[in-house]
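Everything in the sequence shown is counted per full-length UniProt numbering, starting at 1 for the first residue and increasing by one.
Built from N, CA and C at the ideal position, the CB exists for glycine as well.
Quantities reported herein were computed from a predicted structural model and do not represent experimental measurements.
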Amino acid sequence: MRPEGQRAYPFLSGEYKPYIYINDESVTFVGQGGPIKEVGVNGCQIDDIIEFAKDVITVFNQRFPCRENSMIITKLDEALLWSMKRKLDRDKRGVEGTSNK
Numbered sequence: 001m002r003p004e005g006q007r008a009y010p011f012l013s014g015e016y017k018p019y020i021y022i023n024d025e026s027v028t029f030v031g032q033g034g035p036i037k038e039v040g041v042n043g044c045q046i047d048d049i050i051e052f053a054k055d056v057i058t059v060f061n062q063r064f065p066c067r068e069n070s071m072i073i074t075k076l077d078e079a080l081l082w083s084m085k086r087k088l089d090r091d092k093r094g095v096e097g098t099s100n101k
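And the structure:
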């Protein structure tokens with residue numbers, strides 16, 4: 001249990017990005033419901049969650065540096081690159097933001 005007044009994520013507060021909310025003891029991710037081109041933006045994307053996780057572990061690594069933290073950051077960067085590749089491919093095919101394959 002945390003001491004009174006201590007935040008779970010003291011380096012983050014308020015609205016981190018649209019649809020990611022940080023409270024004293026929790027983080028809430030409101031996920032995108034449906035394709036953006038069909039329903040508009042109404043939540044965060046998986047990339048936003050990965051970026052949040054990367055930001056958290058980056059702060060931990062600044063405070064408590066170790067190889068494992070650095071590897072986590074590298075793998076999260078890799079996940080973001082693959083996600084971008086997927087988006088670019090879908091964009092080229094004209095299906096990004098839709099339910100089409």
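Excluding the 5 residues preceding and the 5 following residue i in the sequence, name in chain order all residues of the same chain whose CB lies nearer than 6 Å to its CB.
i, result
"Ile72", "Ile57"
"Asp89", "none"
"Thr28", "Tyr21"
Quick one: using the 10 Å Cβ neighbour count with 16 as the cut-off for buried, is residue i buried or exposed?
i, result
"Asp48", "buried"
"Phe52", "buried"
Output needed for residue i: all residues of its chain with C-beta closer than 8 Å, excluding positions within five of it in sequence on either side, in chain order.
i, result
"Glu38", "Gly97, Thr98 and Ser99"
"Leu80", "Asp47, Ile50, Glu51 and Lys54"
Go through its chain and collect everything with a Cβ distance to residue i's Cβ below 7 Å, but skip five positions before and after it.
i, result
"Gly94", "none"
"Gln45", "Gln32"
"Ser70", "Asn61"
Just checking my contact of residue i with residue j at CB under 8 Å: how many whole Å lie between their CB atoms?
i, j, result
"Gly40", "Val30", "Contact flag wrong, Cβ pair sits at about 14 Å."
Please find out if some non-hydrogen atom of the ligand FAD comes closer than 7 Å to the beta-carbon of residue i.
i, result
"Leu88", "In the structure on display, the ligand FAD does not appear, and there are no ligands present to speak of."
Sequence ranges, beta strand (DSSP E) only - wholly within the region 63-94, length at least 3
none
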